[in-house]
Structures are given as structure tokens and as C-alpha cells.
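*Asks:* Residue numbers (the working numbering): 37 to 365.
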Ligand SMILES: Nc1ncnc2c1ncn2[C@@H]1O[C@H](COP(=O)(O)OP(=O)(O)OP(=O)(O)O)[C@@H](O)[C@H]1O
Ligand SMILES: [Mg+2]
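1. Can you tell me whether residue 278 is buried or exposed? The criterion is at least 16 other CB atoms within 10 Å of its CB, across all chains shown.
2. Taking the C-alpha atoms as reference points, what is the distance between residue 327 and residue 193?
3. With DSSP collapsed to three states, give me the class of residue 351.
4. Check whether the Cβ of residue 157 lies closer than 7 Å to any heavy atom of ligand 1, and answer yes or no.
5. Could you have a look at residue 357 and say whether DSSP puts it in helix, strand or coil?
6. Under the criterion of a Cβ to heavy atom distance below 7 Å, does residue 255 qualify as lining ligand 1?
7. According to the Cβ coordinates, are residue 75 and residue 44 closer than 8 Å?
8. Does the region 93-108 come close enough to the region 50-70 to have 3 or more Cβ pairs within less than 8 Å?
9. Determine the DSSP secondary structure at residue 245, reduced to helix, strand or coil.
10. In angstroms, rounded to a whole number, what distance separates the CA positions of residue 107 and residue 163?
11. The alpha helix (DSSP H) spanning residue 266 covers which residue range?
12. Answer yes or no: the CB of residue 328 versus the heavy atoms of ligand 1, is any distance below 7 Å?
13. Do you know offhand how far residue 250's Cα is from residue 179's?
14. Using DSSP with H/G/I as helix, E/B as strand and the rest coil, what is residue 45?
15. Would residue 292 be called buried (16 or more neighbouring beta carbons within 10 Å of its own) or exposed?
16. Within the present structure, is the beta-carbon of residue 147 separated from the nearest heavy atom of ligand 1 by less than 7 Å?
17. Report buried or exposed for residue 303, applying the criterion of at least 16 other Cβ atoms within 10 angstroms of its Cβ.
18. Any idea what DSSP makes of residue 142, helix, strand or coil?
19. Any chance you could list the alpha helix (DSSP H) runs of at least 4 consecutive residues sitting entirely within the region 180-253, in chain order?
20. Can you give me the start and stop residues for the alpha helix (DSSP H) that residue 56 sits inside?
21. Can you give the beta carbon distance from residue 175 to residue 208, rounded, assuming they're within the 8 Å contact cut?
22. Does the region 43-59 come close enough to the region 229-243 to have 3 or more Cβ pairs within less than 8 Å?
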């Protein structure tokens, strides 16, 4: 796919004025138009919804023509072929890879939820290292973006994980771009600009740790619940379209409250409720079990629902040492 094919002005009826307006609003290509969708395009440009819808539809048609996007009606056989293009990133832990049928998938969103200290952030750090390793060892020889909303990204952890896995830490650090989001609007802005960054920087993994924290903090109380869900929903759909359009793996984390929380209902449910649940392709629940951690696959379209044990150590996430296998967890 050439750059000209995706140029905004290659769309019929889009001249320099329209394309400049779009670029000023952060929409840089035909792909961006299709990924962001009519209501968002209308919002960032100030155009009416009719004009935005028309443009987005033309963008979709163009992408189908050049084979970048699926037609509205596709054969199961074509879908199967697209699924064959799915790639996997190893977690660096055999048990977790088994749970995920080989690793974290591209073209999908994988959600890890669990209480504090359950290992979500450690897993995210490990994945940023593993995506860079050679394909024959389970990596994708590609780079990662870490969208950090809780200020928990630690380059020294990357150094530790890389070194304990026999990798060069400096090269590994260079393969990770960190974006700090200071509030939910900033987080959405960064996500909406991911497309171009992914294409120009050889990105195959995008981490959002945590996806929900800002929304939780900013939308307190019953009155704002509907708005929070709507904003979360929009952000997650944007992530999903990004994963599909650019063939990248997207991983996000979500905290479960271990103490009852009056604003968010059932404490054992991940924050974000149904909206989050229905957008993620795969959801994995992490919990502490003494020194070990347990991961459970929840509502996957094809993985069996089961649990595996893993540990957190200098390598990030890892398999439990052989002597503890079979012992009471
Ligand atoms: N170098 C290390 N070696 C061993 N264990 C470590 C190391 N660094 C961190 N840990 C473990 O990781 C735990 C923290 O996990 P992590 O930060 O991934 O939790 P989390 O699920 O992201 O929590 P939160 O919801 O608060 O963000 C610590 O309690 C510690 O047990
Ligand atoms: Mg964390």
C-alpha cells in the first residue's frame, strides 16, 4: 500500500481546503478517516454529521477497493484467511501462552483485569520486551507503544527484564515509546493519533495501562455514569478499529476493586462494566494466590475457560519454578 493511495486528496471531492482542515484536526490519511468514524470526524472538524458521514463512507469504499479493509459482506473463507494473518506475541511465560493459545493476538484487544499487585503492569512491561525478540522465539521483531495513565512505567524494569532474559537492554529500551496521558481527553487524543505512529515506527503492540483509571477518577457519582460509559465505549472502539486496521496487538489493563466501592457496584466486577467487557476480544482475570498469581480466561470466543499459575520475578512474568509444581498453591 503506497502513501499516495492513502492520501486524503486521493478521495473524490476532497481538495486542499478539506484535507488541510482534516490534517489540522489530526486526521492524516484515508485510514485515519475510516478508523475514527463520522461522529468523531464531525466533532474534531466542526462539520455537520452528514458531511462527516459522507467522507467516512468514501474512505471505507476506497479502503475496500485497495484491499485494506473488509467488504461489508465477506465470505467465511475470506474471514478465515484474514484470521490466518493474525500474529502472536509470547508473554515470556509458557503457562500464560498456553492459556492464550500461543500468546497475545494482533487484530484484537486483550484485557487483563485484577486487583492491585496482581501483575498487570509487570505483564505489560514483559510484553514490551517480548514483542521485540525474533519470530522463531515467539516475538514479532517489532516495537511497542506504552500508554501510561498511572505513571507506573519504569524503564529500569525493562532493563531488568531484558537483561535477565539475555537481551541487550539499550536496544530493548529503544524499541519502546512511552506516552503519558494526563487525563481521559488526553488519553483519547493519543489513541486517535496512534495510526500514523504505528505505521511509521514498526509498532506491533500497544499497551494501555490502565485504560479506565482516568475515567474512574473523572466521572464520579451516578449522574455522570452514562457519560462515562459512552466515552469509554468510544475510546475502546477506537482501539479495536486501530487493532484491526493496522494488524497490531492491543493490551489494556483494568483494575478490580478489592474493597467495596459505592460508585461502581459489584466489587468483583472490573470497572467499566459491560461496555468494557463487550469490546475486548479476550479478557483475562488475574489474582493473587500467596506468592503465585493465577490467570483465568473469561468469555473468549474460542479459548476454553480455564486457569493457569504464573509468578512475578526479575524476568517479569514467568512460569513457577519446577519444584512448586503440584504443590498446594
Ligand atoms: N523485580 C521484581 N521481582 C519480583 N517481583 C516483582 C518485581 N517487581 C515487581 N514485582 C511484583 O509485582 C507486584 C506489582 O505488580 P503490578 O505492579 O504488575 O500490579 P498491578 O496489577 O499493575 O497493580 P495496580 O492495579 O496497582 O496497577 C509487586 O507486588 C511485586 O510482587
Ligand atoms: Mg499497574
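From the three backbone atoms N, C-alpha and C, an ideal C-beta is built for every residue, glycine too.
As the structure is a prediction and not an experimental result, all values here were calculated from the model.
*Replies:* So, from the data block:
1. buried
2. 19 Å
3. coil
4. yes
5. coil
6. no
7. no
8. yes
9. strand
10. 32 Å
11. 261-282
12. no
13. 26 Å
14. helix
15. buried
16. no
17. The predicted model places residue 303 with a pLDDT of 47, which falls under 50 and marks its position as unreliable; any figure quoted below should be read in that light. Exposed: under 16 other Cβ atoms inside 10 Å.
18. coil
19. 191-200, 205-210, 220-228 and 230-236
20. 52-60
21. Their Cβ separation, rounded to whole angstroms, is 11 Å, which puts residue 175 and residue 208 out of contact at 8 Å.
22. no
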